[in-house]
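Enquirer:
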Amino acid sequence: MWSKIRMRVGRRIAARAVSSQRRRASPPPPCAPVAQRSTKEAGTMGLTDRQWFTLRRLHSLSGILPIGVFLANHFFINSFAVGGQEPFNEKVHFLRSLPYLVLIETFGIFVPIAFHALLGVLIYREARFNNRRLSYAHNYMFTLQRISGVVLVFFITYHVLFTRFAHWFGHDTSDMYTLLHEKFANPWLFAIYVVGVCAASFHLGNGLFGFSIHWGLATSRAGQRRVARLGMVVALVFALVGINALLGFGPLGGRLGPVRIFNLEEHAPPQAAVARHAESVPAPDAPAAATEDNR
Numbered sequence: 008m009w010s011k012i013r014m015r016v017g018r019r020i021a022a023r024a025v026s027s028q029r030r031r032a033s034p035p036p037p038c039a040p041v042a043q044r045s046t047k048e049a050g051t052m053g054l055t056d057r058q059w060f061t062l063r064r065l066h067s068l069s070g071i072l073p074i075g076v077f078l079a080n081h082f083f084i085n086s087f088a089v090g091g092q093e094p095f096n097e098k099v100h101f102l103r104s105l106p107y108l109v110l111i112e113t114f115g116i117f118v119p120i121a122f123h124a125l126l127g128v129l130i131y132r133e134a135r136f137n138n139r140r141l142s143y144a145h146n147y148m149f150t151l152q153r154i155s156g157v158v159l160v161f162f163i164t165y166h167v168l169f170t171r172f173a174h175w176f177g178h179d180t181s182d183m184y185t186l187l188h189e190k191f192a193n194p195w196l197f198a199i200y201v202v203g204v205c206a207a208s209f210h211l212g213n214g215l216f217g218f219s220i221h222w223g224l225a226t227s228r229a230g231q232r233r234v235a236r237l238g239m240v241v242a243l244v245f246a247l248v249g250i251n252a253l254l255g256f257g258p259l260g261g262r263l264g265p266v267r268i269f270n271l272e273e274h275a276p277p278q279a280a281v282a283r284h285a286e287s288v289p290a291p292d293a294p295a296a297a298t299e300d301n302r
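Numbered per this note's numbering, the sequence shown spans residues 8 to 302.
(1) Do Ile120 and Ile84 come within 8 Å of each other at the CB atom, strictly closer than that value?
(2) Suppose only complete runs of 4+ residues qualify. What are the alpha helix (DSSP H) ranges in the stretch 193–266, listed by chain order?
(3) Who are the near neighbours of Phe95 in its chain, counting only those whose CB is closer than 6 Å to its CB and skipping five residues on each side?
(4) What ranges does the alpha helix (DSSP H) occupy inside the stretch 117–184, keeping only unbroken runs of at least 4 residues that lie completely in it?
(5) Between which two residues does the alpha helix (DSSP H) containing Gly75 stretch?
(6) With DSSP collapsed to three states, give me the class of Leu110.
(7) In three-state DSSP terms, what is Phe95?
(8) Expressed to the nearest angstrom, what Euclidean distance is found between the alpha-carbon atoms of Phe256 and Val99?
(9) Looking at Val201: is its Cβ nearer than 8 Å to the Cβ of Ile250?
(10) Can you give me the start and stop residues for the alpha helix (DSSP H) that Phe60 sits inside?
(11) Here's the rule: buried if 16 or more other CB atoms are within 10 angstroms of the residue's CB, otherwise exposed. What is Asn80?
(12) Roughly how many angstroms separate the alpha carbons of Phe216 and Gln231, rounded to a whole number?
(13) Could you tell me the alpha carbon to alpha carbon distance between Arg233 and Glu189, rounded to whole angstroms?
(14) Please say whether Gly212 and Met7 have beta carbons closer to each other than 8 Å?
(15) Looking at the structure shown, is Phe101 part of a helix, part of a strand, or coil, going by DSSP?
(16) Report all residues from its chain with a CB closer than 6 Å to the CB of Leu129; omit the five preceding and five following residues, and keep chain order.
The structure is reproduced here in structure tokens:
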């Protein structure tokens, strides 16, 4: 009898231990990163886990600061295109007149983007995708993040050559609005830019999640879900602002209906109506001329 009791108690203890181990080894939540590195991959990179972790943190940081800040400013400046040729060219000339422009572009834009892109390509090559083995939504987001990064490598390279160094190819860069308007008359090029804007917006929005994970800003499952939703909202807002700016240069010259938030001219009365109103107002009577008889 006592032996049977001991066997039952032992089975219950063993079952509880197995259940506890299963809970501890449960798969990550839907919004937890799933990229893994094998021993072979770590040897290929020649980096320790600590060095890899430091590089991943720097990679996520560079995607937010300064690249994310630059992208927000870039979309904002381009939004002046919905106001027409003069407002946009005025902002372009202002940016070109900034002091230390070469240093700002080199160390504030080009070097961070090159670092982020090269390390991103390395991560893309060495990462192991689990989206076929696990059915969590973030695995697909992780894959889309890497795909959008590869798309952006080619898109940004073309965009920089096409705009910043357009004078190398004989283009007149004194009127960037006209240059972009003529280029975007090609619907295929316009579509490529729409894809590039959407890829950049998604990459930044989804990158906020990785940034919050690597820097310990979102450690709980609820916090990670909130950050993931916030990232998608950021991606949507950036995409709408960027596409709206493109419409200012678009194939129809901005006549597709961009949101002219800051353009006050369309609220002003038409010039013809102002002229007709001026003609309809009678002129004031001329003062009577004084005569010699008027004493």
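Positions of the beta carbon are idealized from the N, C-alpha and C atoms, including for glycine. What you are looking at is a predicted structure, and each value in this text was computed from that prediction instead of being measured.
Expert: Considering the structure as presented:
(1) Result no, Cβ atoms of Ile84 and Ile120 do not sit closer than 8 Å.
(2) The DSSP assignment places 194–221, 228–256 as complete runs of the alpha helix (DSSP H) inside the stretch 193–266, in order along the chain (cut-off: 4 residues).
(3) The answer, listed in chain order, is Phe87, Ala88, Tyr184.
(4) With a minimum length of 4 residues, the continuous alpha helix (DSSP H) runs that stay inside the stretch 117–184 are 118–133, 144–170.
(5) For Gly75, the enclosing alpha helix (DSSP H) stretches over residues 74–85.
(6) For Leu110, the three-state secondary structure derived from DSSP is helix.
(7) Secondary structure at Phe95: helix, using DSSP grouped into helix, strand and coil.
(8) When rounded, the distance between both Cα atoms is 14 Å.
(9) Cβ atoms of Val201 and Ile250: closer than 8 Å.
(10) Counting along the chain, the alpha helix (DSSP H) containing Phe60 begins and ends at 56–71.
(11) The residue in question, Asn80, is exposed, as its Cβ has fewer than 16 Cβ neighbours within 10 Å.
(12) One alpha carbon belongs to Phe216, the other to Gln231, and they sit about 7 Å apart.
(13) Each residue's Cα considered, the two are about 42 Å apart.
(14) Lying outside 8 to 302, the shown extent of the chain, residue 7 is not represented and no answer is given.
(15) The answer is helix: DSSP assigns Phe101 an H, G or I state.
(16) If the five residues before and after Leu129 are omitted, its C-beta is found closer than 6 Å to no C-beta atom of its own chain.
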